[in-house]
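Peer 1: My structure is below; once you've seen it, I'll send some questions.
Numbering (the numbering used here), first residue to last: 17 to 191.
Rendered as structure tokens:
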């Protein structure tokens, strides 16, 4: 009887290991119940402004763009020192591309990074039972590549860098 139970367990484990259709390792096993909302599609609008002259306002365009609509691509181009007008014309700002490639460009960088990432995920795919039960091994796999945010904060503060977005240490507030 025990031999039959053990043989059955071995068969289940062996068959379940073959069940995945894709052979790429998955370090982060997340499953959503449905499609759900896209959190990254929600962008804040710009604040409303009162124009100098109401006669210069453009006519309303139903389903068109609004002056307060966010333009993340144009905002990013300006933040990087480029021109938003180049993006508005449907082009690419050559100044940003030139600046970003000033130290050279590897033509096969995407393929190289994809191969390195696949190899990393294969090395850190988890143990057999973790793969069998879809245990999340993402945080353990990337532990060596993550920053200790508190240590970095202390390093910045010791160097004299202001960190106004970080609340003060509650222990220091009580003193």
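Quick reminder that beta carbons are idealized off the backbone N, C-alpha and C, glycines included.
Short of 8 Å in beta carbon distance, which residues of its chain neighbour residue 145, apart from the five on each side in sequence? Order them along the chain.
Peer 2: Within the same chain, residue 145 has close Cβ partners 151.
Peer 1: Does residue 179 come out as helix, strand or coil in the three-state DSSP assignment?
Peer 2: coil
Peer 1: Just how far apart, CA to CA, sit residue 184 and residue 75?
Peer 2: For residue 184 and residue 75, the distance between alpha carbons rounds to 49 Å.
Peer 1: Can you check whether the CB of residue 107 is closer than 7 Å to the CB of residue 98?
Peer 2: no
Peer 1: From which residue to which residue does the alpha helix (DSSP H) around residue 111 run?
Peer 2: 110-116
Peer 1: At which residue ranges does the segment 44-75 contain complete alpha helix (DSSP H) runs of 4 or more residues, listed in the order of the chain?
Peer 2: none
Peer 1: Which two residues bound the contiguous alpha helix (DSSP H) that contains residue 92?
Peer 2: 88-95
Peer 1: Exposed or buried, residue 121, counting other C-beta atoms within 10 Å across all chains shown (16 or more means buried)?
Peer 2: exposed
Peer 1: Indicate the three-state DSSP secondary structure (helix, strand or coil) for residue 166 in the structure shown.
Peer 2: helix
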